[in-house]
Amino acid sequence: MRRVHIIGGKNHGKTTLLCELVAEFDRRGLQVGTIKHTHHQHELDTPGKDSHRHRDSGAAVVGILSRSMNAVFWPNFPTDKTDDPVGDDTRYAAFSPGFRDCDLVLVEGDTRTTAPKIEVWRASLDTPSISERLTDVLAIVSDDPIESPIPVLPRSDVSVVADFLWKAIGESPD
Numbered sequence: 003m004r005r006v007h008i009i010g011g012k013n014h015g016k017t018t019l020l021c022e023l024v025a026e027f028d029r030r031g032l033q034v035g036t037i038k039h040t041h042h043q044h045e046l047d048t049p050g051k052d053s054h055r056h057r058d059s060g061a062a063v064v065g066i067l068s069r070s071m072n073a074v075f076w077p078n079f080p081t082d083k084t085d086d087p088v089g090d091d092t093r094y095a096a097f098s099p100g101f102r103d104c105d106l107v108l109v110e111g112d113t114r115t116t117a118p119k120i121e122v123w124r125a126s127l128d129t130p131s132i133s134e135r136l137t138d139v140l141a142i143v144s145d146d147p148i149e150s151p152i153p154v155l156p157r158s159d160v161s162v163v164a165d166f167l168w169k170a171i172g173e174s175p176d
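FYI, the numbering for the sequence shown is 3 to 176, going by this note's numbering.
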């Protein structure tokens with residue numbers, strides 16, 4: 003699974019850029035999958051529904067198949083209570099079968115993984131660039147001036163960002 007993470011501080015525009023990139027790659031005829039990373043605790047299933055009752059009964063993995071959508075729920079198994087395995091690369095590997103037909107997977111968030119990243123940055127939010135503390139950020143996406151040893155791509159031109167990402171993962175544009 004080829005994946006690139008879209009990272010940045012709160013309200014820097016990660017979701018907006020990710021959605022624009024998905025639309026741009028779709029326009030080019032590519033299949034793009036997405037994953038939303040979060041450190042927050044979420045109940046993704048609906049309490050009281052049959053699938054949730056299956057889990058409550060002790061099922062290790064629960065799947066839902068319908069005419070329009072499928073889902074699989076499996077628990078997070080940290081090795082100890084201080085671990086945050088959500089960002090562990092092995093957690094992404096568990097998703098691979100569901101993304102097998104995708105040319106690219108864009109992940110919103112997760113600075114802790116070893117996968118390549120691009121950072122969305124806005125000067126008006128007065129926060130330092132995350133790329134200053136990470137070594138695997140490929141580029142910064144911003145229309146604001148910023149000094150950086152890595153490329154700065156124009157936020158206002160998603161096609162330039164898409165070309166850069168596609169080339170960065172070893173493909174040629176279009």
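For glycine and all other residues, C-beta sits at the position ideal for the given N, C-alpha and C.
Only a predicted model underlies this, so the values are computations on that prediction, with no experimental measurement involved.
Once DSSP output is grouped into helix, strand and coil, what is the label at ALA117? Counted from its first residue, the sequence shown places residue 117 at position 115. Correct three-state label for ALA117: coil.
Report the option in ARG69, MET71, GLY65, SER70 whose CA atom is closest to the CA atom of PRO77. Walking along the sequence shown from the start, residue 77 turns up at place 75. Residue GLY65 is the option with its Cα nearest to PRO77.
Does DSSP classify LYS12 as helix, strand or coil? Here residue 12 refers to the residue found at position 10 of the sequence shown. In the structure shown, LYS12 falls within a coil segment according to DSSP collapsed to helix, strand and coil.
Beta-carbon spacing of TRP123, GLY10 below 8 Å: For the purposes of this step, residue 123 is taken as residue 121 along the sequence shown, with counting starting at 1. For the purposes of this step, residue 10 is taken as residue 8 along the sequence shown, with counting starting at 1. Cβ atoms of TRP123 and GLY10: closer than 8 Å.
Who pairs with LYS51 in a beta bridge, going by DSSP? Counting from one through the sequence shown, the residue named residue 51 turns up at place 49. Per DSSP, none; premise fails for LYS51.
Just how far apart, CA to CA, sit MET3 and LEU127? Numbered from 1 along the sequence shown, position 1 holds the residue referred to as residue 3. Numbered from 1 along the sequence shown, position 125 holds the residue referred to as residue 127. Whole-angstrom Cα-Cα distance: 33 Å.
Buried or exposed for GLU134, please, with buried defined as at least 16 other CB atoms from any protein chain shown within 10 angstroms of its CB. Locating residue 134 in the sequence shown gives position 132, counting from the first residue. Burial call: exposed.
With distances taken between CB atoms, is the gap from THR48 to GLU110 smaller than 8 Å? Start at 1 with the first residue of the sequence shown, and residue 48 comes out as number 46. Start at 1 with the first residue of the sequence shown, and residue 110 comes out as number 108. Their beta carbons are not under 8 Å apart, which means THR48 does not touch GLU110 by this criterion.
Could you tell me the distance, in whole angstroms, from the CA atom of ASP105 to the CA atom of ARG5? As a working mapping, residue 105 is identified with position 103 in the sequence shown. As a working mapping, residue 5 is identified with position 3 in the sequence shown. Using only the alpha carbons, I get a separation of about 9 Å.
Whole angstroms is fine: what's the gap from ASP52's alpha carbon to LEU67's? One-based indexing of the sequence shown puts residue 52 at position 50. One-based indexing of the sequence shown puts residue 67 at position 65. Spanning the two alpha carbons is a distance of roughly 12 Å.
Short check: CB of ILE148 to CB of SER131, under 8 Å? Reading the sequence shown from its first residue, position 146 is the one you call residue 148. Reading the sequence shown from its first residue, position 129 is the one you call residue 131. Cβ distance < 8 Å, so ILE148 and SER131 count as in contact.
Whole-angstrom distance between SER70 and THR18, CA atom to CA atom: The residue you call residue 18 lines up with position 16 of the sequence shown. The residue you call residue 70 lines up with position 68 of the sequence shown. Taking the straight line from one Cα to the other gives about 25 Å.
Give the straight-line distance between the Cα atoms of GLU173 and ILE8, rounded to the nearest whole angstrom. The residue labelled residue 173 in the question sits at position 171 within the sequence shown. The residue labelled residue 8 in the question sits at position 6 within the sequence shown. Those two C-alpha atoms are separated by around 18 Å.
Beta-carbon spacing of ALA170, LEU140 below 8 Å: Here residue 170 is taken as the residue at index 168 of the sequence shown, counted from 1. Here residue 140 is taken as the residue at index 138 of the sequence shown, counted from 1. If you check the CB distance, ALA170 and LEU140 come in under 8 Å.
Please classify HIS7: does DSSP put it in a helix, a strand, or coil? Residue numbering aside, residue 7 sits at position 5 when the sequence shown is read from its first letter. Strand at HIS7.
Just the Cα atoms here: how many angstroms apart are PHE166 and THR115? Stepping through the sequence shown from its first residue, residue 166 is reached at position 164. Stepping through the sequence shown from its first residue, residue 115 is reached at position 113. Going from the Cα of PHE166 to the Cα of THR115 covers about 20 Å.
Where does GLY35 sit, in a helix, a strand or coil, going by DSSP? Looking up residue 35 in the sequence shown gives position 33. The answer is strand: DSSP assigns GLY35 an E or B state.
In the structure shown, what three-state DSSP assignment does GLU110 receive? Position 108 of the sequence shown, counted from the start, is the residue given in the question as residue 110. Correct three-state label for GLU110: strand.
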